[in-house]
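Right, one structure below, let's go through it.
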Amino acid sequence: MNQTKRSVTINPGMLCQPIGAMQAVLGIHGAISLVHGSQGCAAYPMRMFNRHFQEPVEIALSSLGEDAAVFGGADNLVKGVHTLAARRHPEMIVVLTTCLSETIGDDIDGILKKIEVPVTLIPVHTPSYVGSHVTGYDNAIKALVVHLAEQTGPTNKINIAIGLLNPGDIRELRSMLDKMRVKAILLTDLSETLDAPLILPRPTFPNGGTTLNEITDTANSLGSIAMCKHAGGSAMQYLANKHKVPVILGATPIGVANTDVFLENVSNLSGRPVADELRRDRGRLIDAMIDVHFKVAQKKVAIFADPDIASGMARFVHELGMEPSIIATGTESKEFVKDVQAIASQTGHEMEILSGCDLYGLHEAVKEVGVDLVMGNSHCKYIADDEKIAFARIGFPVFDRVGYQRRSIIGYEGGINLVDMITNSILDHADAA
Amino acid sequence: MGLRILCTFTGNASINDLAMAHRAKLNVMHCQRSTPYICELMEEKYDLPYMPVSLFGIEQTSKALRDVAAFFGLEDQAEAVIESEVSKILPEIEYYKENLKGKRVFIYQGAPRAWHWIKLMEELGMEVIGAATTFGHTDDYEKIVERIGNGGLVIDNPNSVELKEILMKYKPDLFISGLKEKFLAYKHGVPFVNGHSYERGPYAVYSGFVKFAKDIHTTINNPAWGLIEGRT
Ligand code: SF4
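The listed protein sequences correspond, in order, to chains H and G.
Counting from 1 along the first sequence, just add 591 to a position and that's the residue number in our numbering.
Counting from 1 along the second sequence, just add 965 to a position and that's the residue number in our numbering.
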C-alpha cells in the first residue's frame, strides 16, 4: 500500500504545476496564461477546466517542438508574446514554464524583460517534476505579488488568497465579507470569469476577476489571510516579509470550528465585528447537522482532496459525528500530515494519513480500512463503485455530475451544502443497495 | 427455547396466522395499554391464558423469558438462552454504561414504555428525571410513580408549551419521545432518541437493547451539540 515502496505511480492523485497556475490566472481580469511548453501542457488543462467549470477558457501556448527542445524555446516565446499581445490585447500575460522549458533551461525572466509590448508580463516557474497543481497555484500567486505589489499608502482592505476553490465558494466568501462590511482583495477571483452569465454580445474578456490594480494594492492592506495555506500561502508570507502586511495562514473555512476561526481572523485584521447575520447562518448549519446526525453518525469516511481542503473536511465530518478514517491528498506535504495529526489527537479518531498518494494507494487504503463513504473528485467514483460504498463528489475535477462548481463548500452556507450532499449520498447508496 | 410462535400480532401478521392465534397455549402480552382487551377476550372465549411481559433491557427481557419458560416447564432452556444472549451483549452494554453514567433522561411515550424504560435507563446507569404519557391510565401512572426516583416529574399528556418548559427548565441530557417532539428537542439543544418509530431500531430484546444504548450514546456524544451558541 505504501506508495513510497512502489516505483510506479498508478492513477495519479494530482495534476501538474501549470494547471494550478492557470487556474490562478483565470481569476484575473484581462489576463491570459501563455504556457511555455508543448501542446499537451495546454490542451489537457483546458479540457479539465471545460469539463469542471462548463465554461470556455483561453490558454495560449508557445508550441515547443523538437527543434526548440534542442536549440531552446526563446524564439517561440518571443513570437508567442507578440502574437498574443497583438491579437488579443490582454492587460497581462502570465508566462508559465513546463517540464520541457525548465529542462531546456530557457531564461524566461530574462527573455520577458527584453520584450517590448504594452502588456504586463509576468514569468512563473512551474516545473512539473516537483510539487503539484497546488504548488503551481501557490507559485503563480506569489509571482503576481512579487512582480506587482507596491506600497503606496495604507488602505482599509484585507487580502485573501483563495486557493483552488470554485465560483460558488468565492460567492459565499464575498457574501460573508459583505455581511461584515469588510473590503477585500481576492487572489484570485474566478467567481465570474469561470461562471459567466450568457448575455450577448460577449465581452472581450469575461467580466469580473481580480484587477491588476488590486494586485498592486495588496502591499497596502491591513492584513492577509491564506484560506488554503498550501495554495496562496507563500504570496501572503511574501507580503508580510517584504511589505509588513500581517499574515494569517489558514484556517480553511470548512465546517463550523474552522469557519469560526476564519471569521475571527477576518474580524481581527479588519477591525469589523462578526456580523449577527453570520451567527444566524452558523446556527442554521448546526441545526442542519443535528437534524441529520443519526443518518451519518459513526460512518467511516475516506477523504481525498487538496491538502487544506482534505484537512478541513476531516474536521467537519468529525463535527457531524462521522469518523474521518482516511485523509488523503495527492500533493506530498509534511505540513498536511502535521495538520491532520493534530486533528486526530484533538478528536480522538484513528486516521490513516496519506500524503502524496495516487488513486491506487487510496483504493488499497479504502479496502484495508473499510469505509462507508468516499469523498473525492470524479475519478474516485470507481473506487466507491468497486467497494460498493457511498460516494460524495468534492475537489477537482468534478465532471460527471452538474452543479458542484456553482455551490460552496466553505463558510456556514457551504457547510449546509456539504451536510445535504453527504447525507443524500449515504441515503442514495442505501436506496440503491 | 423450543417454543413455536403461532402469531405475532400486529407485527407483520398474516390473516392465516391470526386465524391460528387462538390455538396457542399462551398469549404473551407486550403492549399493556392496547392489548389487554384482546387478551382478555381471547381468555374468555378460548380459555387462553395471557402473561404481561416487557422486552426492554436485560433485566426485563430475562424476566419475560423466565416467566414464559416457567409456564411451559422450560426453565433450563431459558437459562441457557439468557446466558448466551446476555454474554454476547454485556461488553458493549458495559461500555455504554460507563459513558452514560449519571445522564438525566426525560421520557414521554404512549403509555407503558414510559415505565418499561425507567428500568432500562437505570440499567444504563442513567437517571430518569421525568416521565409523561399521552394516553396512560391510572395503572400506568401508578407504575411510573413506583419506579421513578424521588423528585421525579410525572405529567399526563403534556402539550408543546409544557414540553418546552421541561426542556428549558430541567435541561435533560436526553429526551425520548416521538417524531413530533424530535425537532422541538433539537431546537432546544437537547439530544433526542425517537422511541416511537426508532432511530436505528428495533429496540426490543437483547439485541435491540444494544441498538437503543448505541443510539443514546450516539446522540449524547455528537460533537455538534458542543458547537451550539448559548447552550449551557
Ligand atoms: S509535460 Fe510537464 S508541464 Fe506539461 S503537461 Fe506534462 S507534466 Fe504538465
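Note that beta-carbon positions come from the ideal geometry of N, C-alpha and C, so glycine has one too.
All values derive from a computational prediction rather than experimental measurement.
In the DSSP annotation of this structure, the continuous segment of the beta strand (DSSP E) that includes H/Ala983 starts and ends at 981 to 984. Here H/Pro714 is bridged, per DSSP, to H/Val686.
Of all alpha-carbon atoms in H/Ile918, H/Asn1015, H/Phe927, H/Ser825, the one lying nearest the alpha-carbon of H/Leu950 is that of H/Ile918. In terms of side-chain proximity, the C-beta atom of H/Thr689 is found nearer than 7 Å to a non-hydrogen atom of the ligand SF4.
Contact between H/Thr807 and H/Leu739 holds, since their C-beta atoms are separated by about 5 Å, short of 8 Å. Nearest C-alpha to G/Leu968 among G/Leu991, G/Lys1152, G/Val1051, G/Ser979: G/Leu991. Runs of the alpha helix (DSSP H) lying entirely within the region 860 to 938 of chain H, each at least 4 residues long, are 867 to 887, 898 to 910, 925 to 938 in chain order. The C-beta of H/Ala634 comes no closer than 8 Å to any C-beta of chain G. If you draw a straight line from the Cα of G/Ile1054 to the Cα of G/Phe1021, it comes to about 14 Å. In this chain, the alpha helix (DSSP H) harbouring H/Ile1017 covers 1002 to 1023. Just measuring C-alpha positions, the residue of H/His680, H/His643, H/Pro636 sitting nearest H/Leu687 is H/Pro636. Per DSSP, the beta-bridge partners of G/Pro1017 are G/Met994.
Shortest Cα-Cα distance from H/Gly823 to any of H/Lys596, H/Ser598, H/Ala612 involves H/Ala612. Residue H/Ile1013 holds the alpha-carbon nearest to the alpha-carbon of H/Ile1000 among H/Arg992, H/Phe990, H/Ile1013, H/His834. Chain G has a Cβ within less than 8 Å of the Cβ of H/Phe885. For H/Ala888, the nearest CB of chain G lies under 8 Å from its own CB, placing it at the interface with that chain. The ligand SF4 has a heavy atom closer than 7 Å to the beta-carbon of H/Pro609. H/Gln937 counts as exposed, since fewer than 16 other C-beta atoms from the protein chains shown sit within 10 angstroms of its C-beta. From the listed residues H/Phe796, H/Ala665, H/Glu910, H/Met827, the smallest Cα separation to H/Leu1009 is found for H/Glu910.
Looking at the DSSP output, H/Met966 bridges to H/Ile894, H/Ala983. Per the C-alpha coordinates, the member of H/Met683, H/Arg597, H/Lys929, H/Glu805 positioned closest to H/Asp899 is H/Lys929. Taken in chain order, the complete alpha helix (DSSP H) segments of 4 residues or longer contained in the region 1155 to 1185 of chain G are 1170 to 1185. Runs of the beta strand (DSSP E) lying entirely within the region 1064 to 1152 of chain G, each at least 3 residues long, are 1069 to 1074, 1092 to 1098, 1118 to 1121, 1139 to 1142 in chain order. Cα atoms of H/His716 and H/Thr689: separation of roughly 8 Å, rounded to the nearest angstrom. Within the same chain, and ignoring the five residues on either side of G/Val1110 in sequence, the residues whose Cβ sits closer than 7 Å to its Cβ are Val1119.
The beta carbons of H/Leu964 and H/Leu953 sit no closer together than 8 Å. Spanning the alpha carbons of H/Phe982 and H/Met966 requires a straight line of approximately 6 Å. Between the alpha carbons of H/Cys632 and H/Ile610 lies a distance of about 8 Å. As the crow flies, the alpha-carbon of H/Glu682 is around 15 Å from that of H/Ile706. Listed along the chain, the chain G residues whose CB falls inside 7 Å of the CB of H/Ile806 amount to none; the nearest CB is some 37 Å away. Residues of the region 1039 to 1069 of chain G with a C-beta less than 9 Å from any C-beta of chain H: none at all. Boundaries of the beta strand (DSSP E) around H/Ala622: 622 to 627. DSSP places H/Glu763 in the uninterrupted alpha helix (DSSP H) bounded by 758 to 770. Shortest gap from the CB of H/Tyr635 to any heavy atom of the ligand SF4: under 7 Å. Among the residues facing chain G, H/Met767 is not included, as its CB has no counterpart in that chain under 8 Å away. Assignment of G/Lys1010 by DSSP, reduced to helix, strand and coil, places it in the helix class.
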